[in-house]
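Asker:
In my numbering, the protein residues as written are 2 to 670.
(1) Contact check, residue 314 vs residue 354 under 8 Å by CB: the rounded distance?
(2) In terms of DSSP beta bridges, what is residue 616 paired with?
(3) How long is the line joining the alpha carbons of residue 548 and residue 295, rounded to whole angstroms?
(4) What separation, rounded to the nearest whole angstrom, lies between the Cα atoms of residue 160 and residue 129?
(5) What is the DSSP secondary structure of residue 669, counted as helix, strand or coil?
(6) Out of 64, 268, 80, which one is the CA nearest neighbour of residue 44?
(7) Just reading off the alpha helix (DSSP H) that residue 67 is part of, what are its end residues?
(8) Considering only the alpha carbon of each residue, which of 238, 417, 136 lies closest to residue 528?
(9) From residue 546 to residue 507, what does the alpha carbon distance come to, in whole angstroms?
(10) Report buried or exposed for residue 651, applying the criterion of at least 16 other Cβ atoms within 10 angstroms of its Cβ.
(11) Per the contact definition of three or more C-beta pairs closer than 8 Å, is the stretch 636-652 in contact with the stretch 397-413?
(12) Taking residue 391 and residue 101 to be in contact with their CB atoms under 8 Å, please state how far apart those CB atoms are, rounded to whole angstroms.
(13) Between the beta-carbon of residue 257 and the beta-carbon of residue 151, is there less than 7 Å?
(14) For residue 668, which residues in the same chain have their Cβ closer than 7 Å to its Cβ, ignoring the five residues on either side in sequence?
(15) So, are the CB atoms of residue 149 and residue 227 less than 7 Å apart?
(16) State yes or no: is the C-beta of residue 50 within less than 7 Å of the C-beta of residue 59?
(17) From the DSSP output, read off the bridge partner residues of residue 550.
(18) When we look at the beta-carbon of residue 1 and count the other beta-carbons within 10 Å, is it buried (16 or more) or exposed?
(19) The alpha helix (DSSP H) spanning residue 221 covers which residue range?
(20) Whose CA, out of 656, 36, 664, lies closest to the CA of residue 339?
(21) Pick from 395, 524, 373: whose alpha carbon is nearest that of residue 445?
(22) By alpha-carbon positions, which one of 435, 497, 245, 267 ends up nearest to residue 671?
(23) Could you say if the stretch 247-261 and the stretch 270-288 meet the contact criterion of at least three C-beta pairs nearer than 8 Å?
(24) Can the beta-carbon of residue 326 be found closer than 7 Å to that of residue 291?
(25) Select from 453, 317, 182, 566 the residue whose C-alpha is nearest the C-alpha of residue 654.
(26) Taking the alpha-carbon positions, what's the residue 220 to residue 201 distance?
(27) Rounded to a whole number of angstroms, what is the C-alpha to C-alpha distance between residue 336 and residue 318?
(28) Tell me whether residue 556 is buried or exposed, calling it buried when 16 or more other Cβ atoms sit within 10 Å of its Cβ.
(29) Which class does residue 671 belong to by DSSP, given the choice of helix, strand or coil?
(30) Going by Cα to Cα distance, which pick from 126, 157, 125 is closest to residue 140?
(31) Do you know how far the Cα of residue 472 is from the Cα of residue 396?
(32) Would you mind stating whether residue 42 and residue 324 have Cβ atoms separated by less than 7 Å?
(33) Going by DSSP, which residues form a beta bridge with residue 285?
(34) If you count every other CB in all the chains shown that lies within 10 Å of the CB of residue 73, and 16 or more means buried, which is it?
(35) On the three-state DSSP scale, how would you describe residue 351?
(36) Quick check: what's the CA-CA separation for residue 236 versus residue 242?
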């Protein structure tokens with residue numbers, strides 16, 4: 002296994018050298034080496050293969066199984082560099098427990114970082130979800146010393162034992178990077194000299210990190226006035242030449258985003274199609290999109306752009322990998338290096354890129370590394386005890402398997418809780434809005450992206466905190482906005498982009514759901530006072546029909562208060578008119594906590610009272626061929642129980658390799 006001898010980081014633009022033993026002799030021209038850059042991304046605090054929502058082991062994900070792939074890669078390759086792309090510290094009940102329930106002491110290391118330290122990660126980037134718990138928490142758990150308003154940290158706390166880099170987020174107070182923008186790691190490698198004889202050599206690897214600038218919208222409540230961002234391309238153009246001047250042989254970009262060839266802007270969420278064109282970048286590690294790259298048969302739009310080789314894993318010639326999510330894959334960029342007498346250079350024709358899966362068969366996976374669970378056994382067991390805390394009962398099964406076609410069993414109770422909260426808040430604090438109708442929207446957060454286990458599914462019976470976390474996945478805060486009828490309709494139109502445009506005369510099967518539009522952007526109303534139709538035969542932007550309030554058409558100037566979350570109210574998802582300016586309530590309470598309080602007060606949920614107010618329907622249309630969508634297999638009776646009698650399962654396998662079934666829906670009535 003290759004060992005890191007030293008790394009150099011840039012803090013406030015001044016390099017600091019850490020641990021400086023003697024380096025191997027400078028390699029001679031013609032020397033060659035292979036360096037395998039390994040990537041994990043979007044782990045979302047899935048430390049071990051366990052589902053805290055279902056309180057059951059789950060072999061399909063977890064860093065404990067990725068660890069096995071890491072060990073295998075280190076045996077295969079004499080020289081490796083292990084890096085994480087971000088979205089690491091948030092995403093499970095265990096993450097919430099450590100961040101919000103039982104706060105870590107300064108001398109304690111976050112569970113995910115304990116594992117990464119033990120696995121000897123060489124470096125990491127920062128994703129957008131790192132900011133979800135606020136800057137004070139992020140400062141503590143990353144062992145940082147942020148110079149930002151509202152963060153008082155008298156000393157550096159425990160954190161990762163490797164450099165964490167981020168080049169495009171700056172402190173508003175100091176105008177300097179929040180984290181080190183880059184690090185230069187001196188990696189001792191086993192190489193061959195020009196005559197093929199084994200030698201020890203040093204490769205100076207520069208790593209630079211980028212986060213989506215859209216964090217300023219998504220976590221506005223934590224970040225506004227404290228930090229600001231620059232564009233990904235601008236940050237790279239600033240720091241990559243500096244890294245080269247300071248001796249980096251290679252530059253690896255750890256960029257938490259995907260690919261987009263839309264006209265570039267400094268606020269672009271997925272700017273890496275442009276990042277690859279910045280001179281001096283030798284490899285890119287991507288994430289955020291929860292996709293797999295390279296994948297020769299991928300139909301994902303971002304991997305079918307000019308200059309993107311989805312089979313070989315190249316973006317404008319730059320070796321690139323995206324290792325899916327939750328530890329399901331390990332990205333491997335096998336860089337073949339040759340020394341020209343001055344520095345190491347990548348021989349692109351000999352470089353290979355792949356993403357290795359933990360899944361080995363239809364229902365088989367690599368063995369989990371037991372050392373991982375041993376490291377976090379205490380945190381794991383404490384989380385299980387916590388999430389078993391009872392909150393109420395339900396007499397119906399609450400799921401999101403068919404939320405795309407109108408099933409609201411996992412949505413209505415959230416909307417009811419949010420509506421009641423806003424109504425009480427207005428009565429107590431905002432009498433000027435007392436006559437405005439209060440509505441609420443929520444979305445199905447889990448929709449099978451990671452496979453059939455990736456749905457909300459709460460069985461009838463006792464409800465506990467783990468069920469609440471299953472129903473409302475993210476630690477968002479409840480916000481309310483004031484919009485008029487025209488703006489509300491535009492909001493619903495944006496949500497209806499979740500569907501493809503259906504041609505009624507087409508005899509071939511047509512996919513209903515546009516998977517490029519995430520389910521968390523399918524905002525849904527569940528109110529007996531609101532009704533509307535979605536006409537999927539019309540183009541996006543023209544689909545909302547017969548929108549009414551208490552039986553009367555909604556008129557453009559009519560005003561509403563709409564309960565939502567801080568992400569949406571502040572501009573997340575780029576919904577028209579929602580940019581933070583319409584917020585009238587910025588609650589300190591989380592949406593999930595509001596829902597828990599509502600369920601506790603109700604004590605028992607029933608389908609009639611809490612899952613029957615479906616506000617929308619598809620506009621009836623008779624189609625020549627089937628209209629199809631995917632969901633977990635064997636769930637059709639849940640659709641029928643919810644009144645969706647025109648849904649049928651037509652194939653147990655939809656052919657996408659995710660163990661999902663194919664369903665059809667009759668839109669004619």
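C-beta: ideal position from N, C-alpha, C; glycine also.
Predicted model, so just to flag it, every value in this text is computed and none were measured.
Answerer: Inspection of the coordinates gives the following:
(1) As a position in the chain shown, residue 314 is number 313, starting the count at 1. As a position in the chain shown, residue 354 is number 353, starting the count at 1. Between residue 354 and residue 314 the Cβ distance is about 3 Å, and since that is below 8 Å, they are a contact.
(2) By one-based count along the chain shown, residue 616 stands at place 615. In DSSP, residue 616 forms no bridge with anything.
(3) As a first step, residue 548 must be located in the chain shown, where it is residue number 547. As a first step, residue 295 must be located in the chain shown, where it is residue number 294. Roughly 43 Å between the two C-alpha positions.
(4) Against the chain shown, residue 160 aligns to sequence position 159. Against the chain shown, residue 129 aligns to sequence position 128. Whole-angstrom Cα-Cα distance: 18 Å.
(5) Reading the chain shown from its first residue, position 668 is the one you call residue 669. Looking at residue 669 - three-state DSSP - the assignment turns out to be coil, as it is neither helix nor strand.
(6) Start at 1 with the first residue of the chain shown, and residue 44 comes out as number 43. The option with the nearest alpha carbon to residue 44 is 64.
(7) Start at 1 with the first residue of the chain shown, and residue 67 comes out as number 66. Segment 64-77, the alpha helix (DSSP H) holding residue 67.
(8) Position 527 of the chain shown, counted from the first residue, corresponds to residue 528. Answer by Cα proximity: 417.
(9) Position 545 of the chain shown holds residue 546. Position 506 of the chain shown holds residue 507. Approximately 23 Å, taken between the alpha carbons.
(10) As a first step, residue 651 is located in the chain shown; it is residue number 650 there, counting from the start. Exposed, since its Cβ has fewer than 16 Cβ neighbours within 10 Å.
(11) yes
(12) Position 390 of the chain shown holds residue 391. Position 100 of the chain shown holds residue 101. With 8 Å as the limit, residue 391 and residue 101 do not qualify as a contact, their Cβ atoms being about 19 Å apart.
(13) Locating residue 257 in the chain shown gives position 256, where the first residue counts as 1. Locating residue 151 in the chain shown gives position 150, where the first residue counts as 1. Not in contact: residue 257 and residue 151 (Cβ atoms no closer than 7 Å).
(14) Locating residue 668 in the chain shown gives position 667, counting from the first residue. The answer, listed in chain order, is 619, 621, 622, 624, 628.
(15) Position 148 of the chain shown, counting from 1, holds the residue named residue 149. Position 226 of the chain shown, counting from 1, holds the residue named residue 227. Yes, these two residues count as a Cβ contact at 7 Å.
(16) Position 49 of the chain shown holds residue 50. Position 58 of the chain shown holds residue 59. In this structure, residue 59 lies closer than 7 Å to residue 50 by Cβ.
(17) Position 549 of the chain shown, counting from 1, holds the residue named residue 550. 531, 553.
(18) Outside the modelled stretch of the chain, which goes from 2 to 670, sits residue 1, for which no answer is possible.
(19) Position 220 of the chain shown, counted from the start, is the residue given in the question as residue 221. Segment 221-224, the alpha helix (DSSP H) holding residue 221.
(20) Here residue 339 corresponds to residue number 338 of the chain shown, with the count starting at 1. That would be 36, whose Cα lies nearest to the Cα of residue 339.
(21) If you number the chain shown from 1, residue 445 lands on position 444. Nearest option by C-alpha distance: 524.
(22) A query on residue 671 cannot be resolved here, the shown segment of the chain reaching from 2 to 670 and no further.
(23) yes
(24) Translated into the one-based positions of the chain shown, residue 326 becomes position 325. Translated into the one-based positions of the chain shown, residue 291 becomes position 290. Yes, the Cβ-Cβ distance between residue 326 and residue 291 is below 7 Å.
(25) To locate residue 654, count along the chain shown from 1; it is residue 653. Ranking the options by Cα distance to residue 654, first place goes to 453.
(26) Within the chain shown, the letter at position 219 stands for residue 220. Within the chain shown, the letter at position 200 stands for residue 201. About 46 Å.
(27) The sequence position of residue 336 within the chain shown is 335, counting from 1. The sequence position of residue 318 within the chain shown is 317, counting from 1. C-alpha separation (whole angstroms): 13 Å.
(28) Here residue 556 corresponds to residue number 555 of the chain shown, with the count starting at 1. Exposed, since its Cβ has fewer than 16 Cβ neighbours within 10 Å.
(29) The question about residue 671 has no answer, for the chain in this structure spans 2 to 670.
(30) Here the question's residue 140 lines up with position 139 in the chain shown. That would be 157, whose Cα lies nearest to the Cα of residue 140.
(31) Residue numbering aside, residue 396 sits at position 395 when the chain shown is read from its first letter. Residue numbering aside, residue 472 sits at position 471 when the chain shown is read from its first letter. Cα to Cα, the separation comes out at about 16 Å.
(32) Along the chain shown, read from residue 1 onward, the residue named residue 42 stands at position 41. Along the chain shown, read from residue 1 onward, the residue named residue 324 stands at position 323. In contact: residue 42 and residue 324 (Cβ atoms closer than 7 Å).
(33) Here residue 285 corresponds to residue number 284 of the chain shown, with the count starting at 1. In the DSSP output, where bridge partners are listed per residue, residue 285 has 254, 321.
(34) Residue mapping note: residue 73 aligns to position 72 of the chain shown, counting from 1. It counts as exposed.
(35) Position 350 of the chain shown, counting from 1, holds the residue named residue 351. Reduced to three states, the DSSP call for residue 351 is helix.
(36) The sequence position of residue 236 within the chain shown is 235, counting from 1. The sequence position of residue 242 within the chain shown is 241, counting from 1. Rounded to the nearest angstrom, the two C-alpha atoms are 11 Å apart.
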